[in-house]
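Okay, so the sequence shown: first residue is 12 according to my numbering, each after it adds one.
Even glycine gets a Cβ: it sits at the ideal position worked out from N, Cα and C.
Written below as structure tokens is the structure these notes are about.
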Amino acid sequence: MSSRHDQETLPSLGKIQDQALAWFARLQDSKTGAADKAEFADWLAANPAHQTAYDRVVRLWQSPALNAALSQHAAIPLKPAPRRSTTPRWAAAACVLLLSGWFLAATDWLLRWQADIATVTGEQRRVTLADGSTLILNTDSAVKLNYAGERRGVTLLSGEAFFEVKPDKNRPFIVTTAQGTVKVVGTRFSVKTGEATRVDVESGIVICSAEQGQNRQLSVGQHTEIHTQSVAEISAIDTGKTFAWLKGRLIFQDKTLSDVITELDRYHPGAIVIADAKLAQTRITGNFKLDDTNALIRTLADIAGAKSVGISPYLTILKS
12 MSSRHDQETL PSLGKIQDQA LAWFARLQDS KTGAADKAEF ADWLAANPAH QTAYDRVVRL
72 WQSPALNAAL SQHAAIPLKP APRRSTTPRW AAAACVLLLS GWFLAATDWL LRWQADIATV
132 TGEQRRVTLA DGSTLILNTD SAVKLNYAGE RRGVTLLSGE AFFEVKPDKN RPFIVTTAQG
192 TVKVVGTRFS VKTGEATRVD VESGIVICSA EQGQNRQLSV GQHTEIHTQS VAEISAIDTG
252 KTFAWLKGRL IFQDKTLSDV ITELDRYHPG AIVIADAKLA QTRITGNFKL DDTNALIRTL
312 ADIAGAKSVG ISPYLTILKS
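Right, dumping it as structure tokens:
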């Protein structure tokens, strides 16, 4: 018996949908001529399912939801297509076309070229730094090391990192971001970049300073956000939820499916698009493992009473 999260299919979906993707990519080529168009017309006429599959690709390409999802993603590495026949090559080209938004939106790649340590999507990396402090770099993140003379610390170029800092009163450890700095002597805390810099403290004391001067002191179980001109009011956090990613888990309490997918998307090598606004507002509570994000997507679809539709290995649609 199939479940609701099974991928939506047409008759012979794999072959037909690949062909539809291939034709879509092929027809975008400025070198496509009359012979190609005639061959495409013959392909459409050969089977009603061909038109259905092609229309699906066109609708997907024009979807505002897809455009929004693509704008939030960095580049996704694609394996070269095997050159055994024309169709696989065009199918690979179609995937590249559908994913081109990721490459165009990969503004943080310039930052990554400056990085000393970086992770790809879904990867976490633990590193012992020169002073004996420990850095755990979360998914899709990059840091530059700042160790020279009496200085010790890092610049968080993108993503999120957890620090366990070895105490040294004479050499504060400083994390620098686009919005300001986080200074500590010895403690455990995480820093996450974005429109603002998020800081969460598991133990010890940290001082958060905005680029233009304001600062606040945080202690155990506290959180703030650093903006260029200010540091937000301090609030309490549930450290178990906040630092769950260190144990390979994500924990949500009464969050919208949209919020859950936004967080999960950071760990999944591809876009996850929610097809309608009502579904996006479904409330989700749970403690989920991150070891298989495809399985997690299916679990979330089951919880929300939705279907997951796999368009390509790098694109999944959730719909009612």
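Extent of the continuous beta strand (DSSP E) to which residue i belongs
| i | result |
| --- | --- |
| residue 287 | First-last for residue 287: undefined, no H or E at that position. |
| residue 172 | 171 to 175 |
| residue 271 | Run containing residue 271: none in the beta strand (DSSP E); it sits in the alpha helix (DSSP H), 268 to 275. |
| residue 252 | That residue, residue 252, is in no beta strand (DSSP E); its alpha helix (DSSP H) goes 250 to 253. |
| residue 48 | Counting along the chain, residue 48 falls outside any beta strand (DSSP E), though it belongs to the alpha helix (DSSP H) covering 45 to 57. |
| residue 258 | No beta strand (DSSP E) holds residue 258; DSSP gives it neither H nor E. |
| residue 296 | 294 to 300 |
Within 7 Å, strictly: CB atoms of residue i and residue j
| i | j | result |
| --- | --- | --- |
| residue 64 | residue 27 | yes |
| residue 331 | residue 317 | yes |
| residue 193 | residue 202 | yes |
| residue 272 | residue 262 | no |
| residue 191 | residue 221 | yes |
| residue 264 | residue 296 | yes |
| residue 69 | residue 32 | no |
| residue 186 | residue 167 | yes |
| residue 174 | residue 200 | yes |
| residue 207 | residue 234 | no |
| residue 7 | residue 269 | Given a span of 12 to 331 for the chain in the structure shown, any question on residue 7 remains unanswerable. |
| residue 304 | residue 278 | yes |
| residue 216 | residue 232 | no |
Inter-residue Cα distance where the pair is residue i and residue j
| i | j | result |
| --- | --- | --- |
| residue 274 | residue 189 | 21 Å |
| residue 327 | residue 128 | 30 Å |
| residue 37 | residue 44 | 10 Å |
| residue 213 | residue 66 | 51 Å |
| residue 104 | residue 254 | Because the pLDDT at residue 104 is just 46, under 50, the model does not fix this residue reliably, and the point stays unresolved. |
| residue 333 | residue 280 | With the chain running from 12 to 331 in the structure shown, residue 333 is simply not present. |
| residue 57 | residue 323 | 24 Å |
| residue 130 | residue 136 | 7 Å |
| residue 260 | residue 325 | 22 Å |
| residue 218 | residue 226 | 7 Å |
| residue 169 | residue 306 | 27 Å |
| residue 149 | residue 204 | 11 Å |
| residue 267 | residue 210 | 23 Å |
| residue 98 | residue 321 | Model confidence at residue 98 stands at a pLDDT of 44, short of 50, so the residue's coordinates are unreliable and nothing is read from them. |
| residue 158 | residue 198 | 18 Å |
| residue 181 | residue 243 | 28 Å |
| residue 132 | residue 139 | 21 Å |
| residue 161 | residue 178 | 14 Å |
| residue 147 | residue 134 | 11 Å |
| residue 50 | residue 34 | 10 Å |
| residue 299 | residue 124 | 33 Å |
| residue 293 | residue 286 | 13 Å |
| residue 314 | residue 289 | 14 Å |
| residue 95 | residue 55 | At residue 95 the pLDDT is 42, less than 50, meaning the model places this residue with poor confidence; the figure from the coordinates comes in the next sentence. Looking at the two C-alpha atoms, the distance is approximately 24 Å. |
| residue 141 | residue 241 | 31 Å |
Unbroken alpha helix (DSSP H) run spanning residue i, endpoints
| i | result |
| --- | --- |
| residue 305 | 304 to 315 |
| residue 321 | Segment 318 to 323 is the beta strand (DSSP E) holding residue 321; no alpha helix (DSSP H) there. |
Nearest-angstrom beta carbon gap, residue j and residue i [assumed within contact, 8 Å]
| i | j | result |
| --- | --- | --- |
| residue 154 | residue 165 | 4 Å |
| residue 245 | residue 229 | 6 Å |
Identify every run of the beta strand (DSSP E) within the region 172 to 245, keeping only runs that are complete inside it and at least 3 residues long; order them along the chain.
Entirely contained in the region 172 to 245, the beta strand (DSSP E) runs reaching 3 residues are, in chain order, 184 to 187, 191 to 195, 199 to 203, 208 to 214, 217 to 221, 226 to 229, 233 to 237.
Unbroken stretches of the beta strand (DSSP E), 3 residues or longer, contained in the region 129 to 173:
136 to 139, 145 to 148, 153 to 156, 163 to 169, all fully within the region 129 to 173.
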